[in-house]
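First residue of the sequence shown: 190, per my numbering; consecutive thereafter.
Using N, Cα and C, we set each Cβ at its ideal position, and we do this for glycine too.
Down below is the structure, laid out as structure tokens.
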Amino acid sequence: MQHTMEGIVLRQYKAGEDRILHILTARQGVLTAYANKSAAPRSPLAASTELLCYCCFVLFHNRDRCIVDKADTLRIFFGVRQDMEKLALASYMAQLADELCPHGVEAAEHLRLLLNTLHYIEKEKRPRPHLKALFELRLLTLSGFMPNLVGCRVCGCYEAPVMRFLPRSGELLCAGCQDAAGEQGMPAGPGVLAAMRHIIYAPLDKLFAFRLSDEGLGALQYIAETYLKCQVERTFSALEFYTSLQGPGAL
């Protein structure tokens with residue numbers, strides 16, 4: 190049985206002259222597909238089965254195996270591939286999506302989030318720390334790890350000069366309740382907290398529409414990455430490589 194669907198390659202690895210792909214699609218989430226002979230010289234599937242290629246795939250399902258019959262490239266994010274830091278960040282996002290996006294079920298919003306974020310990276314429409322933190326928090330939210338940012342978990346306070354975010358539980362404490370609870374948490378000033386709330390609650394068409402100072406972006410990036418590592422309980426090789434490319438004090 191053949192199916193035609195659009196998707197982006199999150200991961201590809203070789204098995205001889207074949208490639209095994211992890212493809213994020215809107216209708217069926219992450220699919221594993223075999224692209225026969227796609228690693229061979231002059232293969233018609235060579236370009237379209239590279240990492241981060243967004244294609245219209247014709248997939249043939251034979252028992253428990255999905256095979257790529259054809260792939261027409263829709264977008265390759267050429268501007269991302271030309272810049273090492275952009276490519277490292279985009280590769281991390283693909284690795285994170287491969288880890289967190291659902292398999293075999295609808296994932297349209299996950300796909301739109303990744304495609305839109307890659308577009309913003311390519312066109313440099315937002316600082317990279319902005320896009321990295323946004324992608325991490327929103328993808329975690331879509332994947333069942335939404336933090337509770339409504340108010341202090343003890344007294345319900347919505348906002349204070351400094352709130353504390355608890356990365357293990359995903360909750361907030363105000364300064365007074367933090368002292369009583371005996372938990373430290375991570376400081377989140379009003380601007381950072383507003384940005385976090387925007388990221389997890391805003392509709393997708395308004396998701397990228399917020400601004401923070403460099404200092405605020407640094408705090409947001411640190412909180413988002415710490416929360417991610419606490420929830421998934423692992424790190425990612427692509428994240429480590431991206432971090433290694435950042436200069437001292439770089440956002």
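Find out if the Cβ-Cβ distance for the pair residue i, residue j is shorter than 8 Å.
{"i": "C245", "j": "L263", "result": "yes"}
{"i": "E295", "j": "R216", "result": "yes"}
{"i": "Q284", "j": "A427", "result": "yes"}
{"i": "G218", "j": "H292", "result": "yes"}
{"i": "L434", "j": "E274", "result": "yes"}
{"i": "L401", "j": "L323", "result": "no"}
Can you list, in chain order, the residues of its chain with a C-beta nearer than 8 Å to that of residue i? Leave out the 5 residues immediately preceding and following it.
{"i": "V247", "result": "Q191, H192, T193, V257, D258, K259 and A260"}
{"i": "P350", "result": "A364, G378 and P379"}
{"i": "A279", "result": "L241, F266, V269, L307 and I310"}
{"i": "A383", "result": "F399"}
{"i": "C255", "result": "L220, T221, A222, Y223, L248 and F249"}
{"i": "A277", "result": "A427, F430, Y431 and L434"}
{"i": "N305", "result": "L393, L396 and F397"}
{"i": "C344", "result": "C363, G365 and C366"}
Go through its chain and collect everything with a Cβ distance to residue i's Cβ below 6 Å, but skip five positions before and after it.
{"i": "P356", "result": "T415, Y416 and C419"}
{"i": "F334", "result": "Q420"}
{"i": "A413", "result": "A322, E325 and L326"}
{"i": "A408", "result": "V381"}
{"i": "Y243", "result": "I197, L263 and R264"}
{"i": "S237", "result": "C244, A260 and T262"}
Quick one, which of the options has its alpha-carbon nearest residue i's?
{"i": "P392", "options": "L331, A236, C255 and Q271", "result": "L331"}
{"i": "H387", "options": "H292, L210, H319 and L276", "result": "H319"}
{"i": "T339", "options": "D207, L328, E360 and E404", "result": "The sequence shown places Val at residue 339, not Thr. Checked all of D207, L328, E360 and E404; the closest Cα to V339 is E360."}
{"i": "A204", "options": "A222, H292, P376 and V198", "result": "A222"}
{"i": "E422", "options": "R317, A235, L329 and N305", "result": "L329"}
{"i": "Q410", "options": "M385, T424, S232 and I389", "result": "M385"}
{"i": "T424", "options": "A236, Y390 and Y281", "result": "Y281"}
{"i": "L234", "options": "Q201, R342 and P336", "result": "Q201"}
{"i": "S232", "options": "D253, Y243, R252 and R208", "result": "R208"}
{"i": "N337", "options": "C344, E239 and S358", "result": "S358"}
{"i": "E239", "options": "H211, C344, E288 and N251", "result": "H211"}
Under the DSSP definition of a beta bridge, which residues are partnered with residue i?
{"i": "H441", "result": "With the chain covering only 190 through 440, there is no way to say anything about residue 441."}
{"i": "K259", "result": "V247"}
{"i": "K203", "result": "R208"}
{"i": "Q191", "result": "F249"}
{"i": "V198", "result": "I212"}
{"i": "M273", "result": "Answer is none; M273 lacks a bridge partner."}
{"i": "M282", "result": "None; M282 has no bridge partner."}
{"i": "R264", "result": "Y243"}
Cutting at 7 Å between CB atoms, please list the residues of its own chain near residue i, excluding the five before and the five after it.
{"i": "L213", "result": "G196, I197, L199, V219, A286, C290, A296, H299, L300 and L303"}
{"i": "Q367", "result": "R353 and G374"}
{"i": "E206", "result": "K226, A228 and A229"}
{"i": "C346", "result": "G340 and C363"}
{"i": "P376", "result": "V351 and R353"}
{"i": "E372", "result": "L355 and L362"}
{"i": "R342", "result": "E360, L361 and L362"}
Is the CB of residue i under 8 Å away from at least one CB in chain D?
{"i": "L213", "result": "In the structure shown, chain D cannot be found, because there is only a single protein chain."}
task = Mind listing, in chain order, the continuous alpha helix (DSSP H) runs of no fewer than 4 residues lying wholly within the stretch 377-407?
result = 379-390
key: Minimum length 3: unbroken beta strand (DSSP E) runs contained in the stretch 207-254   = 207-214, 218-224 and 243-251
ask   = Can you list the beta strand (DSSP E) stretches of 3 or more residues lying completely in the stretch 298-372, in chain order?
value = Within the stretch 298-372, the complete beta strand (DSSP E) runs of at least 3 residues are 352-355 and 360-363.
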